[in-house]
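A short worksheet on the structure shown next.
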Amino acid sequence: MARTVYLDHNATSPLRDEAKAAVIQAMDLGGNPSSVHGPGRKARRVVEDAREQIRQVVNAPKSAQVIFTSCGTEANTLALNAVDPVRILASATEHASVLGARDDIESIPVDRNGKIDLGPLQTLLSKGDRHALVSVMMANNETGVLQNIEDIVRLVHRFGAMVHVDAVQALGKVDVDFLALGVDMMSLSAHKVGGPLGVGALIATKDVKLAPINRGGGQEGGLRGGTENLSGIAGFGVAAQLAKAELDDMKAVKALRDHLESKILEIAPDTTIFARDVERLPNTSFIAMEGVSSETQVMAMDLAGVCVSAGSACASGKSKSSAVLAAMGVSETIAKTAVRVSLAHINTNEDIESFLSVWKDLYQQQSQKSNAA
Amino acid sequence: MTATHWTQNNPLYLDYQATTPTDKRVVEAMAPYWTEKFGNPHSRNHHFGWEAEDAVEIAREHVSQLIGASPKEVIFTSGATEANNLALKGVAKFYGDKKNHIITCVTEHKCVLETCRALQQDGFDVTYLHVKENGLIDLDDLKAAITDKTLIVSIMAVNNEIGVIQPLKEIGQICRDNKVFFHTDAAQAVGKITLDVEDMNIDLMSISGHKMYGPMGIGALFVRRRPRVRLVPLIHGGGQERGMRSGTLPTPLVVGFGKACEIALKEMGAEAARLRGFQERLFEGLKERIPEIYLNGDLESRIPGNLNISFSYVEGEGLMMGIKDLGVSSGSACTSASLEPSYVLRALGVEEELAHTSLRLGLGRFTTEDDIDYAIERISKEVNRLRELSPLWDMAQAGVDIKSIKWAEH
């Protein structure tokens with residue numbers, strides 16, 4: 055078989071070597087962080103060191119709450135469970151874990167690029183009482199589109215409401231600065247930055263009143279019961295730090311992505327590349343090939359050893375087309391032909407060429423078919 | 054290596070109920086899934102995803118085999134605490150408009166008790182059964198507590214502090230006869246004693262990875278399919294785990310957990326027999342060297358890897374300080390930072406003074422006979438030393454009834 059080319063880093067990334075070392079080291083400790091004896095105290099130190107690392111990576115204030123969770127999904131759930139009762143506003147392009155967290159979520163409209171319009175958001179905010187929480191993704195997992203978080207925060211705070219930002223896809227790809235963004239809460243996930251699966255975090259300012267989903271044991275300040283995922287937390291701290299330190303690598307990743315897109319447009323000038331005209335993550339490209347279903351494309355790609363995705367991993371396997379694209383007003387016909395490419399620093403020019411060669415073949419077959427018809 | 058190398062910085066680990074060291078075989082099984090097989094198990098578009106998904110399903114099979122369930126009945130969670138929360142809140146939310154009574158027990162793990170308290174605030178009635186002096190519930194109390202409003206009975210399989218095994222089969226039968234769901238927190242039991250969800254009529258069972266030589270951050274909830282138990286999820290999202298628990302499954306942790314279950318299924322019998330011998334050696338050794346010690350909880354209906362002993366006339370903190378080369382606990386890890394006496398021991402009717410001087414000794418897979426002898430030596434030496442310094446011990450030896458002393462108030 056041909057060499058494998060992995061271009062699905064928004065789904066997950068391999069564990070970084072340094073994070074792996076930290077994971078294994080923590081597994082060897084063999085203590086429960088809540089125990090008071092020697093092994094317990096060593097384990098506690100690992101957890102607290104990682105908490106400090108995460109705080110520094112996103113520049114959260116010293117006073118902020120940093121709560122380790124089992125994943126980004128749980129962090130989002132914890133955020134939306136805060137201070138009851140509260141109005142929750144979120145756009146339809148949000149992750150399923152946000153949209154599914156409650157059944158009374160009010161939808162914020164987005165434009166054709168998937169960006170939140172401040173006008174409609176202002177209208178929504180001025181309607182209800184002041185105890186609202188606006189949950190917004192910093193970067194979309196499918197299109198990579200970046201929201202103007204600072205503008206949103208300014209508006210929302212004017213109404214005395216709070217902002218939760220889901221920064222799961224943004225961390226490690228763009229600068230994520232809790233203080234500069236001015237958000238009230240932020241969700242993170244380790245495995246999207248080369249950390250281990252099974253750990254995430256919610257960061258909240260000291261003023262946010264959180265309510266636990268999992269009770270008992272008193273861990274994480276009583277906000278998240280259960281023995282800490284020691285090795286996961288250790289790996290998360292290391293991976294997040296590296297991801298931040300290596301943020302400059304994203305320039306090269308962006309060059310690869312831009313090269314890929316320009317080549318696609320050379321092959322097929324009228325190709326739709328979603329949200330291409332607005333600020334996006336440097337590593338993500340969501341591309342429609344009219345007339346060829348996403349499934350057909352990803353299967354052909356897989357046969358050639360190229361791993362891409364038809365959308366978010368969470369929703370893949372269910373033959374629904376992208377809810378993100380639907381919210382952007384993209385027709386289902388087009389949405390069903392979309393394929394997501396997401397790169398990382400480990401990808402090379404050669405990887406891009408492999409993708410392009412399969413893409414070109416598929417495109418030409420399709421053109422011949424439609425010409426023959 | 055001689056046993057004398059244990060130090061404060063490198064203590065002899067005897068706290069297997071707090072957590073267990075991860076078995077090397079488990080770490081080996083996990084390793085490929087960190088790097089070369091790193092796929093997201095929910096990626097359905099390429100072989101990295103399929104490979105990860107296959108590994109997850111094999112692990113699910115191993116977990117289910119260990120408890121006599123079908124793989125489809127195993128829902129992975131982040132640990133037993135989440136499983137307990139999901140079982141109780143999930144069932145309560147789904148069936149709450151029909152039945153609103155929950156029965157549990159005063160010696161349950163904090164996460165069950167706190168979840169029940171939260172449900173009380175939501176309008177549920179909760180009966181907290183008392184336990185007998187040996188730590189076991191009275192089955193007649195259970196029968197008497199069940200009403201036509203009773204939705205679920207939650208009784209832990211093995212207590213985390215005193216290691217006693219509740220009569221699961223009998224509880225299961227009572228629940229089934231009364232058409233009440235039976236949930237058991239089996240975090241301390243799975244992989245230690247034989248459990249069979251069919252034979253025991255268990256409807257929901259919480260399992261922890263790190264209490265059975267697997268990794269931290271992973272556990273499972275068994276949810277019976279026939280007759281079906283339904284629940285409202287705590288975490289919504291991508292709809293993983295049959296919609297009962299969303300979030301990307303952590304493949305390496307799941308694989309490690311599965312491996313731990315596979316090992317336990319094979320080795321549990323021999324391991325239990327070995328630990329039973331150690332348990333006896335430890336208890337007898339301590340009894341021989343230290344007069345007036347008390348075992349908390351039943352000795353017979355108890356996992357072999359646990360002893361919980363109170364030493365009278367010794368101050369608990371002082372004892373712990375004196376044996377820093379032993380990694381032991383005075384109670385559960387979750388409450389060990391507080392100086393409160395154990396609520397579990399109090400529930401057994403242990404006097405406060407004795408509850409303050411208890412040690413939980415947890416033995417496990419990597420405990421050796423030398424370790425046992427070392428622990429006997431160290432504990433007995435320290436207890437006897439502290440007693441020599443104790444005026445109360447002197448008086449007791451002289452025949453004074455300590456309880457008759459009227460202490461001056463100050």
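Listed in order, the protein sequences are those of chains P and U.
Every position in the first sequence, counted from 1, becomes a number in the numbering used here once 54 is added.
Every position in the second sequence, counted from 1, becomes a number in the numbering used here once 53 is added.
Yeah, the Cβ is synthetic: ideal placement off N, Cα and C, and Gly gets one too.
{"Asked": "Contacts that U:G380 makes with chain P (C-beta to C-beta distance below 7 Å)", "Found": "H91, G92 and P93"}
{"Asked": "Neighbour flag for U:D68 against chain P, beta carbons, 9 Å", "Found": "yes"}
{"Asked": "Reduced DSSP secondary structure (H/G/I, E/B, other) of P:M304", "Found": "helix"}
{"Asked": "Cut-off 7 Å between Cβ atoms - residues of its own chain near P:Q295, not counting five sequence neighbours on either side", "Found": "Q107 and V111"}
{"Asked": "Chain U contact residues for P:R269, given Cβ-Cβ distances below 7 Å", "Found": "N138, C164, E167, T168 and A171"}
{"Asked": "P:G280 and U:Q61 closer than 9 Å at C-beta", "Found": "no"}
{"Asked": "CA nearest to the CA of P:S408, picked from P:D356, P:G365, P:T391 and P:Q418", "Found": "P:D356"}
{"Asked": "Delimiting residues of the beta strand (DSSP E) encompassing U:H100", "Found": "First-last for U:H100: H100 to I120, but that is the alpha helix (DSSP H), not the beta strand (DSSP E)."}
{"Asked": "Cut-off 7 Å between Cβ atoms - residues of its own chain near P:D205, not counting five sequence neighbours on either side", "Found": "L172"}
{"Asked": "Residues of the stretch 110–132 of chain P whose Cβ lies closer than 7 Å to any Cβ of chain U, in chain order", "Found": "S124, C125, T127, E128 and T131"}
{"Asked": "Any 3 or more C-beta pairs closer than 8 Å across the stretch 196–210 of chain P and the stretch 74–88 of chain P", "Found": "no"}
{"Asked": "Within 9 Å, strictly: CB atoms of P:G365 and P:S348", "Found": "yes"}
{"Asked": "Buried versus exposed, by CB contacts within 10 Å (16 or more), U:I374", "Found": "Here the sequence assigns Met to residue 374 of chain U, which means Ile is not the residue at that position. Exposed, since its Cβ has fewer than 16 Cβ neighbours within 10 Å."}
{"Asked": "U:P64 vs U:Y266 beta-carbon contact at 9 Å", "Found": "no"}
{"Asked": "The stretch 245–255 of chain U / the stretch 99–106 of chain U touching (three or more Cβ pairs under 8 Å)", "Found": "no"}
{"Asked": "Which of helix, strand or coil DSSP assigns to U:R418", "Found": "coil"}
{"Asked": "Residue span of the alpha helix (DSSP H) that contains U:C228, given as start and end", "Found": "L221 to D230"}
{"Asked": "Residue of P:N195, P:P174 and P:R156 minimising C-alpha distance to P:P336", "Found": "P:N195"}
{"Asked": "contact_flag[the stretch 256–268 of chain P, the stretch 81–100 of chain P] where n(CB pairs < 8 Å) is 3 or more", "Found": "no"}
{"Asked": "Length of the line joining the Cα atoms of U:D454 and U:L139", "Found": "50 Å"}
{"Asked": "CB contact below 9 Å: P:Y60 versus chain U", "Found": "yes"}
{"Asked": "Rounded straight-line distance, which links the Cα of U:K152 to that of U:G176", "Found": "11 Å"}
{"Asked": "Nearest candidate by alpha-carbon position, reference P:V152, set P:S189, P:V137 and P:T177", "Found": "P:S189"}
{"Asked": "Within chain U, partners of P:H399 - CB distance below 8 Å", "Found": "Correct list: empty, because the minimum Cβ distance to chain U is about 15 Å."}
{"Asked": "Proximal chain U residues relative to P:M81, where beta-carbon distance stays under 7 Å", "Found": "T75, V80 and P268"}
{"Asked": "Residue of P:D324, P:T338, P:A322 and P:D302 minimising C-alpha distance to P:D312", "Found": "P:T338"}
{"Asked": "Residues that P:V219 bridges to, as DSSP identifies them", "Found": "P:V190 and P:M240"}
{"Asked": "Entirely enclosed alpha helix (DSSP H) segments - the stretch 387–420 of chain P, minimum 4 residues", "Found": "none"}
{"Asked": "Residues near P:T66 by beta carbon distance below 6 Å, same chain, minus five either side", "Found": "H245"}
{"Asked": "Minimum Cβ-Cβ distance from P:P250 to chain U less than 9 Å", "Found": "yes"}
{"Asked": "First and last residue of the uninterrupted beta strand (DSSP E) at U:D238", "Found": "F234 to D238"}
{"Asked": "Chain P within 9 Å of U:N93, Cβ atoms only", "Found": "yes"}
{"Asked": "Near the ligand ZN: U:D351 beta-carbon under 8 Å from a heavy atom", "Found": "In terms of ligand content, the structure shown is empty, and the ligand ZN therefore cannot be addressed."}
{"Asked": "Endpoints, alpha helix (DSSP H) assigned at U:Y86", "Found": "Note, U:Y86: premise wrong, no alpha helix (DSSP H); not H, not E."}
{"Asked": "DSSP three-state assignment for U:Y477, whether helix, strand or coil", "Found": "A query on residue 477 of chain U cannot be resolved here, the shown segment of chain U reaching from 54 to 463 and no further."}
{"Asked": "Beta strand (DSSP E) segments (min. 3 residues) lying fully within the stretch 259–344 of chain P", "Found": "338–342"}
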